[in-house]
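Undergrad:
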Amino acid sequence: MNIMTLNLISSRVHYHFFPSGHFESQWSGCMENAHGFEDWRIGLAELRQRTQNGGHTTEAIGVRLVHGGSTFRNPWLVTAETEVELQSLSAEAPLHIPATIELIRAIRETYCNVPLFLFFETSFFADMPERECHYALDVNSLGMPNLRRYGYHGLFHEAACAMARDCSHKQGFCFPERCLSICLETRPEIVAVDGIQPVMVSSGTTPLEGLPGQTTAGELDAGIVMKLVRKKKWGPEQINHALTMESGLSGIAGRPVRLDEVLESDDPSLRLARDVFRHRLLLACGSGIAVLGGLDAIIFSGRYAPSAHYLGPWLQERLKRAYQGRSELVIHEYTLSHGIDRILADQIRWRPILNS
Amino acid sequence: MNILVCNCGSSSLKYRLLTMPEENEISSGEAQRIGPVTSEPARIVHREGDRETVHPMDLATHQQAFHEILSLLAKGGKRPDALGHRVVHGGRLFEQPAVITPTVFEALRQVRELAPLHNPPAIDLIEECQTRYASLPQVAVFDTAFHTTIPEHARQYALPLDLVQELNIRKYGFHGTSHQYVAEEAAKMAGIPMAEFNAVSCHLGSGGASLCAISKGRSIENTMGYTPLQGLVMSTRCGDLDPAIVMKLLSLYSGDMDRIEDVLNRRSGVLGLSGASADIRDILGNWDAATSRNNRFQKTLQIYLWRIRKYLGAYLTLAGPVQAIIFTDTIGENVSLVRSVVCANQNYFGVCLDEKSNRELKQLPGDISQAGSPVRILVVATNEELAIARQVFRTLSLNNEVKH
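Below, the structure is given as structure tokens:
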């Protein structure tokens, strides 16, 4: 099956083409200077032409979406009704959903009869326990009845955990029941997975909460946000810009930095950023072990997954130091090296429900 | 030396007169409902030994309440030789207890607004005492002081450096006086020198609550942060929150910060979740309802306990291997179910709770861990006033101001 994957990031569409029989994409790119329906329609028409010039026909398309709310709990085959269903989520993700709807329209117009599948980062977390999802707020009286915690790298976590189960089976180990899945992306995220069910996630109702990212603040005292309003006289947009674009590891380092650079470099100017990240990650791992009642495996994924080579041994050493159980402790470690495009293509290839 | 410890709340003044260094209590009590007239009259509940007397009276300010307390003590022939004041937030200026001098008082003014509910009444009372009782040495003891040992990487928020420096943004941590006191008591119980003691202290009050990770006797993490709003689910405080929610509220309430502060500090937490009570004991009291399905009480209880459990695991990892978990304050000392649930299935960390000892615990301090548990689970009554008195005595001794 010839598969095209599309990923909308900050109004730029990234594409990958997987001809039948290829697990890795054979060509890829990004629609530069394309913003909105008309630009995307033109860009997609060029993509279709390029595919045809190469002697291929696109047989399935997969699109990654960040937010699926509580509606989209599984991968979704797009139909005429899907647009209306997505529109109902616009209030929850006002920057994301309207643009996504325009992209879907452009795809359907360009690739009329090609099956189009949506994959939501939040779906993996649809059945997370209530006690983890909810904040200690009276959400109804605040007028936010749907406010809850989501995870934002569900596709990575799901694929990484499946890979770990597969590897452990091949290696003759027991099924890793209690896993910490650590996604090393620009906005990193950790999830505690019990069997195949996520029970704890570091992200919040938005990806801003949790571990510090390359430019995102992560966990903050709400009192700090109130201080910014009172003392700096900042409004929501200024605060949002400071917390999402100027904070995180780059904010600490005082210059733009990448997560892998921070984790792997010996540069003393990055020491504090690295120590802050490791500290927050260690705390989150401890929380995960507490809610899982133990630990069998740590699984790394994301574009910076190769940094697990540096982070893994440190983390194992710290987690083992806290161990005072009776039996010998064995923590397996796995790394998923696939990019998000490969994960989308695999989902289409392997999900029987989608192929039926 | 008689030390009178003053602990100012927003509308109360708790006090305790102790002889030091013997640590004998002479009298204690609480001035209640200070400030504007409420449905019940203001009063001072005064205790000497086993005798408790209630004195209804107008108490417009903490200063007035303090004068009345001194009068009550004088009637019993007691007078203090020194005063100790609990100040909740010392900011970056106060990392140790401080003898009050004109210079120190000026510095105190600078931290006044860091804890808007608690610091102003304490600082106003210190000023009054400077004027009217100038001969009495005064020492301010700060809740944040114990946490000044939190390492840089743990107290740093991932914010732009210029913003951090401009607004002095960092994790301060709170309940330090209580965490330090119970940790010292627990170390004694365990027979381990404080300098070698690793523990997690759980100060679970009926109002505020925090956990503290202690390594080699020093605080290395606290669930509260820049303000006492962060961390656990508390009676009316929300604890941890996605910062984006505050931004959402800003838009929703058209920038009305008073309203947002009110929601997050006074209408959230156990009260916001249950819609019925701010006291988790009321939720637990209705256990049948709390465990039935689709019940708001059940959800409140689960979220409350889950958050403690997550932080307990985080701190057991950070300070690990630990020698003890310590429970203290109203909930920590009195509610066995909370201790049982948060310690359950924590074998990874060597935490083995003895359910029977936990359930039947009558006298404090107590040990509720199983024999052979690598981690001892200790329940210790907090005594912030005694802890403050110890620090006042130590500080005055160092300054040669102690008269025996």
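Going down the list, the sequences are from chains A and B.
Counting with the working numbering, you get residues 1 to 356 for the letters of the first sequence.
Counting with the working numbering, you get residues 1001 to 1404 for the letters of the second sequence.
Just so you know, even glycine gets a beta-carbon here, dropped at the ideal spot from N, CA and C.
I'd like the ranges of any alpha helix (DSSP H) spanning at least 4 consecutive residues and lying wholly in the segment 1299 to 1380 of chain B.
TA: 1329 to 1334, 1336 to 1343 and 1355 to 1359
Undergrad: Under a three-way DSSP split, which group does A:M163 fall into?
TA: helix
Undergrad: At 4 residues or longer, and completely inside the segment 1054 to 1110 of chain B: list those alpha helix (DSSP H) runs for me, N to C.
TA: Here the runs fully enclosed are 1062 to 1075 and 1102 to 1110.
Undergrad: Determine the extent of the alpha helix (DSSP H) in which B:C1129 is found, giving its start and end residues.
TA: N1119 to R1132
Undergrad: Compute the beta-carbon to beta-carbon distance between A:A160 and A:S181, rounded to the nearest angstrom, for a pair I have assumed lies under 8 Å.
TA: 5 Å
Undergrad: State the Cα-Cα distance for the pair A:K227 and A:R303, rounded to the nearest angstrom.
TA: 35 Å
Undergrad: Taking Cβ positions only, does B:N1295 come closer than 8 Å to chain A?
TA: no
Undergrad: Which residue wins for smallest C-alpha separation from B:A1314, given the options A:F300, A:M4 and A:G294?
TA: A:G294
Undergrad: Measuring CB to CB, does A:A284 end up less than 8 Å from A:I252?
TA: 8 Å or more divides the Cβ of A:A284 from the Cβ of A:I252.
Undergrad: Against A:K227, what residues of chain B qualify as contacts under a CB-to-CB distance less than 9 Å, listed in chain order?
TA: L1167, I1169, Y1226 and T1227
Undergrad: Have a look at B:T1223, B:D1081 and B:P1228 and flag the residue whose alpha-carbon is nearest the alpha-carbon of B:K1310.
TA: Scanning B:T1223, B:D1081 and B:P1228 for the CA closest to the CA of B:K1310 turns up B:T1223.
Undergrad: Applying the criterion that 16 or more other CB atoms from any shown protein chain within 10 Å of the CB defines a buried residue, is B:N1383 buried or exposed?
TA: buried
Undergrad: How is A:Y310 classed by DSSP in three states: helix, strand or coil?
TA: helix
Undergrad: With A:P176 and A:A164 assumed to form a contact (beta carbons below 8 Å), what rounded beta-carbon distance in angstroms separates them?
TA: Sure, about 6 Å apart at Cβ, within 8 Å.
Undergrad: Would B:G1405 pass as a contact of B:V1139 if the rule is Cβ separation under 8 Å?
TA: Lying before the first or after the last residue shown, residue 1405 of chain B is absent from chain B, which here runs from 1001 to 1404.
Undergrad: At which residues does the beta strand (DSSP E) containing A:F17 begin and terminate?
TA: Residues R12 to F18.
Undergrad: Please determine, among A:G339, A:L292, A:N240 and A:W234, the residue with the shortest C-alpha to C-alpha distance to A:F156.
TA: A:G339
Undergrad: Tell me, please, whether the segment 1370 to 1388 of chain B touches the segment 1351 to 1362 of chain B by the rule of three or more beta-carbon pairs shorter than 8 Å.
TA: At 8 Å Cβ cutoff, the stretches touch.
Undergrad: Among residues of its own chain, excluding the 5 on either side of A:H14, which ones have a beta-carbon nearer than 6 Å to its beta-carbon?
TA: N7 and C30
Undergrad: I need the straight-line Cα distance from B:G1366 to B:S1201, nearest angstrom please.
TA: 14 Å
Undergrad: Tell me B:K1014's beta-bridge partners as DSSP assigns them.
TA: Under DSSP, B:K1014 shares a beta bridge with B:N1007 and B:E1030.
Undergrad: Measuring CB atoms only, is the segment 1092 to 1101 of chain B touching the segment 1134 to 1153 of chain B, in the sense that at least three cross pairs come out at less than 8 Å?
TA: Taking 8 Å as the limit for Cβ pairs, the verdict is that the segment 1134 to 1153 of chain B does touch the segment 1092 to 1101 of chain B.
Undergrad: Could you pull out every residue in the same chain whose Cβ sits closer than 6 Å to the Cβ of A:S356, ignoring the five residues on either side in sequence?
TA: Its pLDDT being 46, under 50, A:S356 is placed unreliably in this model, and the coordinates cannot settle the point.
Undergrad: When DSSP labels each residue in this structure, what does A:L220 get in the three-state scheme?
TA: Coil, per DSSP.
Undergrad: For B:G1272, which of helix, strand or coil comes out of DSSP?
TA: helix
Undergrad: Which residues, in order along the segment 268 to 297 of chain A, keep a beta-carbon less than 9 Å from a beta-carbon of chain B?
TA: R271, L272, A273, R274, D275, V276, F277, R278, H279, R280, L282, L283, A284, C285, G286, S287, G288, I289, A290, V291, L292, G293, G294 and L295
Undergrad: Closest Cβ-Cβ distance between A:Q238 and chain B: below 8 Å?
TA: No, because no Cβ of chain B sits closer than 8 Å to the Cβ of A:Q238.
Undergrad: Taking DSSP as the reference, what is the three-state secondary structure of A:W234?
TA: The answer is coil: DSSP assigns A:W234 none of H, G, I, E or B.
Undergrad: Relative to the alpha-carbon of B:H1179, which residue among B:R1267, B:T1395 and B:L1386 has its alpha-carbon at the smallest distance?
TA: B:L1386
Undergrad: Where does B:N1294 fall in DSSP's three states?
TA: Because the pLDDT of B:N1294 is 49, which lies under 50, any placement of that residue in the model is unreliable, and the number read from its coordinates should be weighed accordingly. Note: B:N1294 maps to coil in three-state DSSP.
Undergrad: For the pair the segment 323 to 332 of chain A and the segment 1337 to 1348 of chain B, tell me if three or more CB-CB distances fall below 8 Å.
TA: yes
Undergrad: Indicate the three-state DSSP secondary structure (helix, strand or coil) for B:S1201 in the structure shown.
TA: Strand at B:S1201.
Undergrad: DSSP has B:A1209 in a bridge; who is on the other side?
TA: B:L1204
Undergrad: Please determine, among A:R349, A:E237 and A:D341, the residue with the shortest C-alpha to C-alpha distance to A:S28.
TA: The residue among A:R349, A:E237 and A:D341 with its C-alpha nearest the C-alpha of A:S28 is A:D341.
Undergrad: What span of residues does the alpha helix (DSSP H) with A:D260 cover, start to end?
TA: L259 to E264
Undergrad: Name the chain B residues that come within less than 9 Å of A:R187, Cβ to Cβ?
TA: Correct list: empty, because the minimum Cβ distance to chain B is about 12 Å.
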